[in-house]
RNA sequence: GGAGAGAUGGCUGAGUGGUUUAAGGCACACGCCUGGAAAGCGUGCGUAUGUAAAAAGUACCGAGGGUUCGAAUCCCUCUCUCUCCGCCA
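Numbering (the working numbering), first residue to last: 546 to 988.
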């Protein structure tokens with residue numbers, strides 16, 4: 546088994562062949578991720594040296610064992626015994642070397658799993674969110690003839706969300722949608738799924754909302770962000786704790802659908818679209834922060850996943866962003882697309898665009914979508930490959946994007962379309978789903 | 001939760017300690033044959049590591065450990081699948 550799972554995100558061969566380039570590109574992220582490269586190289590060297598030696602010994606042992614079999618067939622038992630005694634030491638040495646090799650390999654891979662992806666060359670260099678370039682802006686902030694209310698006030702007056710009882714049920718950061726609020730949430734989910742499946746060509750899937758550890762590792766959530774997840778256990782059986790996790794995004798199950806498979810080139814591109822609730826413990830950043838619906842422990846999201854030929858990866862990312870933007874355009878919302886700079890990108894991503902929607906009540910933009918091309922970082926971790934026409938096995942690019950996150954979309958929608966009389970006008974594409982064109986206090 | 005049966009390469013399916021470190025079939029690729037195709041015949045065809053590239057070598061028969069000179073094969077633990085029973089939306 547040793548050696549089969551090169552459970553790393555960075556291609557160890559690239560690290561081996563051009564460590565300076567790898568270090569430089571990781572350094573552009575800021576977080577000091579490049580520091581572990583030397584140690585990775587050292588462990589890799591030790592592993593390969595041990596492997597070369599142990600394989601020679603195994604070859605010897607295999608030959609001798611075969612001879613023993615032949616001798617025994619010829620009833621030359623004394624000769625066979627002599628060879629056995631002689632080979633016993635070889636076996637011991639092999640066992641010892643095997644252990645050393647496995648040890649070096651697992652240490653190497655533990656380190657590699659904690660090193661983030663390398664940013665794509667086209668990504669802007671920067672340190673933090675202030676350095677993110679704005680790519681494009683759609684529309685303009687709504688002009689109101691009155692002072693627009695915030696979503697918390699709207700939700701309370703229209704009885705869309707019962708914040709107090711949500712907290713009573715599950716603690717702060719959990720929402721109880723009520724009546725028109727619940728219906729609006731459901732309408733948005735269905736609108737988004739229909740848009741992406743019927744018009745953008747994605748295949749809808751409905752995945753489990755609890756996944757195994759391997760899924761989380763596959764997409765790069767683990768091991769580094771273990772403390773952000775909700776771990777579950779079965780009843781009072783503590784030994785089951787940490788085997789299953791509530792999904793932080795549908796990306797976790799959906800991107801892993803083809804884990805450890807070898808796809809045919811003709812199957813690509815694969816485009817999946819899935820609704821799921823998203824659970825985020827956000828340990829550390831926890832608690833306080835924003836009142837209302839902007840930062841919560843559970844929210845709904847429609848996620849888009851693509852598995853594509855590496856040559857198409859970055860073109861597909863551009864299209865993915867447009868697909869997500871389309872949702873906001875149909876709902877009549879003002880938004881901007883920004884590119885995350887090297888220092889602000891997520892762990893697994895090589896290139897990321899965020900879409901931020903304007904929320905008049907907040908007087909600011911809310912992140913409702915993050916679209917990334919993780920290149921082969923995730924496919925490598927999950928051993929997902931495809932076979933080219935020429936019979937070669939390669940790692941495809943895996944992309945993910947929110948299409949879009951709901952709680953914040955909900956906020957932007959009601960704040961943008963609120964009327965002077967306190968009602969909210971429903972944009973036309975949503976009306977068939979909601980079966981009303983307006984949510985008002987009386988309705 | 002109880003009882004039983006299983007897990008082998010893209011699929012199917014042999015193989016209960018050593019000339020099998022995976023037979024045969026299907027599918028696939030190339031060639032022969034053909035006016036063209038099918039059939040037939042021949043060759044090739046798992047994954048990974050290794051190599052400048054190749055070849056050799058090595059590892060992999062659900063996972064992990066053990067016995068042995070040698071394990072797909074024997075022993076132990078675990079996971080998953082299927083059938084039946086119980087419970088349950």
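The beta-carbon is built from N, C-alpha and C at its ideal position, and this holds for glycine as well.
Sub-8 Å separation of residue 864 and residue 842 beta-carbons:
Annotated as distal: residue 864 and residue 842, with beta-carbon spacing of 8 Å or more.
Can you grab the Cα-Cα spacing for the pair residue 810 / residue 719, in whole Å?
Taking the CA atoms as reference points, residue 810 sits about 43 Å from residue 719.
For residue 690, which residues from the same chain have a beta carbon less than 7 Å from its beta carbon, with the 5 sequence-adjacent residues on both sides left out?
Answer for residue 690: 965, listed in chain order.
Within the continuous beta strand (DSSP E) that includes residue 700, where are the two ends?
Run containing residue 700: none in the beta strand (DSSP E); it sits in the alpha helix (DSSP H), 696-702.
In terms of residues, what are the limits of the beta strand (DSSP E) holding residue 629?
Looking at the DSSP string, residue 629 is not in any beta strand (DSSP E); the run it does join, the alpha helix (DSSP H), is 622-658.
Measuring straight from C-alpha to C-alpha, what distance separates residue 940 and residue 872?
The alpha-carbon atoms of residue 940 and residue 872 are separated by roughly 31 Å.
What are the boundary residues of the beta strand (DSSP E) that includes residue 804?
Looking at the DSSP string, residue 804 is not in any beta strand (DSSP E), and its letter there is neither H nor E.
Going by the DSSP bridge assignment, what does residue 848 pair with across the sheet?
Paired residue(s): 819 and 947.
When the Cβ atoms of the stretch 928-947 are set against those of the stretch 879-886, are three or more pairs found closer than 8 Å?
Under the Cβ criterion (8 Å, minimum of three pairs), the stretch 928-947 does not count as touching the stretch 879-886.
Specify the secondary structure class of residue 986 as computed by DSSP and reduced to three states.
In the structure shown, residue 986 sits in coil (DSSP, three-state: anything other than H, G, I, E or B).
DSSP-derived helix/strand/coil call for residue 741
The answer is helix: DSSP assigns residue 741 an H, G or I state.
By the 10 Å Cβ neighbour count, where 16 or more other Cβ atoms means buried, how is residue 673 classified, buried or exposed?
Taking all protein chains shown into account, residue 673 has fewer than 16 neighbouring C-beta atoms within 10 Å of its C-beta and is therefore exposed.
Cα separation between residue 579 and residue 812?
Residue 579 and residue 812: Cα-Cα distance of roughly 36 Å.
Consult DSSP for residue 755 and reduce its assignment to one of helix, strand or coil.
In this structure, residue 755 counts as strand in the three-state DSSP scheme.
Which residue wins for smallest C-alpha separation from residue 900, given the options 909, 625 and 567?
Of the candidates 909, 625 and 567, the one whose C-alpha sits nearest the C-alpha of residue 900 is 909.
Report yes if the CB atom of residue 664 is closer than 8 Å to the CB atom of residue 574, and no otherwise.
Yes. Within cutoff.
Ignoring anything shorter than 4 residues, give me the alpha helix (DSSP H) runs that lie fully in the stretch 846-926, in order along the chain.
858-875 and 922-926, all fully within the stretch 846-926.
Taking its Cβ as the centre, do 16 or more other Cβ atoms sit within 10 Å of residue 657, making it buried, or is it exposed?
With 16 or more Cβ atoms within 10 Å of its Cβ, residue 657 is classed as buried.
Using a Cβ-Cβ cut-off of 7 Å (strictly less than) and excluding sequence neighbours within five positions of residue 786, which residues of its own chain qualify?
Excluding sequence neighbours, residue 786 sits near 776 and 778.
Name the two residues that bound the continuous alpha helix (DSSP H) containing residue 585.
For residue 585, the enclosing alpha helix (DSSP H) covers residues 582-618.
Residue of 814, 807 and 791 minimising C-alpha distance to residue 932
Nearest to residue 932 by alpha-carbon distance, out of 814, 807 and 791, is 807.
Under three-state DSSP, which class holds residue 831?
At residue 831 the pLDDT is 46, less than 50, meaning the model places this residue with poor confidence and gives no usable figure here.
Would you mind stating whether residue 804 and residue 929 have Cβ atoms separated by less than 8 Å?
Yes. Within cutoff.
With H, G and I counted as helix, E and B as strand and the rest as coil, what does DSSP make of residue 932?
Strand.
Output yes or no for whether 8 Å exceeds the beta carbon distance between residue 985 and residue 968.
Between residue 985 and residue 968, the CB-CB gap stays under 8 Å.
If you follow the alpha helix (DSSP H) that residue 749 is part of, which residue opens it and which one closes it?
Element bounds for residue 749: not the alpha helix (DSSP H) but the beta strand (DSSP E), 748-750.
So is residue 607 buried or exposed if we call it buried at 16+ other beta carbons inside 10 Å?
Using a 10 angstroms sphere on the CB of residue 607, the tally of other CB atoms stays under 16, which defines it as exposed.
Measuring alpha carbon to alpha carbon, tell me which residue in 748, 703 and 676 is nearest residue 890.
The residue with the shortest Cα to Cα distance from residue 890 is 676.
Spatial neighbours of residue 723 in its chain, beta-carbon cut-off 7 Å, leaving aside the 5 residues before and after:
Excluding positions up to five away in sequence, the list reads 704, 705, 706 and 707.
Residue 764 in three-state terms, based on DSSP:
Residue 764 sits in coil when the DSSP states are folded into three classes, being neither helix nor strand.
With a 10 Å radius around its C-beta and 16 neighbouring C-beta atoms as the bar for buried, classify residue 587 as buried or exposed.
Classification of residue 587: exposed, given that the 10 Å Cβ count is below 16.
Top-ranked residue by Cα proximity to residue 802, from 839, 752 and 856:
Cα-wise, what sits closest to residue 802 is 752.
When you compare each of 949, 858, 950 and 903 to residue 922 by their alpha carbons, which one comes out closest?
Distances from the CA of residue 922 to each of 949, 858, 950 and 903 were compared; the closest alpha carbon is that of 858.
Does DSSP classify residue 676 as helix, strand or coil?
Helix.
Hey, how far is the Cα of residue 601 from the Cα of residue 633?
So the alpha carbons of these two residues sit roughly 16 Å apart.
Please report the distance separating the alpha-carbon of residue 766 from that of residue 827.
Rounded to the nearest angstrom, the two C-alpha atoms are 13 Å apart.
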